[in-house]
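Reading through the structure tokens given below for one structure.
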Amino acid sequence: MNTYYNKELAYKYIKETINDGLNKMGNPQLSDLICDAWIKYSRDILELTTKSYNPSILLNYLRIISSFNSSTPPFQKISICLEYLIGILKLL
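Sequential numbering of the sequence shown, starting at 203, is according to my numbering.
Set out below in structure tokens:
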């Protein structure tokens, strides 16, 4: 098993995900479909970059995502996710 972990690479990928989310937030036509696709993408990136480093980072993110319901607006969903991801950058 490879125990090598590259924080710089994880930081880069999470930062790119944050920037992509901010771009989505700038779209006044943001739909639930686009929002849900970005959330899945951000979840996958977080899994790839933090699962072996600290699994609780991903578990906490999954809890946040699962707290959303159908009445949560797309902008609010992405905003909450971005807030969490920005906090993670400070830990890396």
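Using N, Cα and C, we set each Cβ at its ideal position, and we do this for glycine too. As the structure is a computational prediction, the values presented were derived from the model and not from experiment.
Own chain residues within Cβ distance below 8 Å of residue i, not counting five before or after
| i | result |
| --- | --- |
| A212 | T251, T252, Y255 and L294 |
Other residues of its chain near residue i: CB distance less than 6 Å, five sequence neighbours each side excluded
| i | result |
| --- | --- |
| S249 | The sequence shown places Glu at residue 249, not Ser. Excluding sequence neighbours, E249 sits near L260. |
| T219 | S244 and I247 |
| I276 | Just to set this straight, residue 276 is Pro in the shown sequence, not Ile. These residues qualify, in order along the chain: L232, D234 and C237. |
Pair within 8 Å by beta-carbon distance, residue i and residue j
| i | j | result |
| --- | --- | --- |
| S375 | L287 | Because the chain in this structure spans residues 203 to 294, residue 375 falls outside the shown range and cannot be described. |
| I267 | I236 | no |
| L179 | K214 | This structure cannot settle anything about residue 179, because the visible part of the chain is limited to 203 through 294. |
| S281 | M227 | yes |
Buried versus exposed, by CB contacts within 10 Å (16 or more), residue i
| i | result |
| --- | --- |
| L264 | exposed |
| M203 | In this prediction, M203 scores a pLDDT of 40, lower than 50, which makes its location untrustworthy; no coordinate-derived value is stated. |
| L224 | exposed |
Contacts around residue i, its chain only, beta-carbon distance under 7 Å, and the 5 residues preceding and following it disregarded
| i | result |
| --- | --- |
| K279 | C237, I241 and F270 |
Residue closest to residue i, alpha-carbon to alpha-carbon, out of the options
| i | options | result |
| --- | --- | --- |
| L284 | N229, D222, S273 and T274 | D222 |
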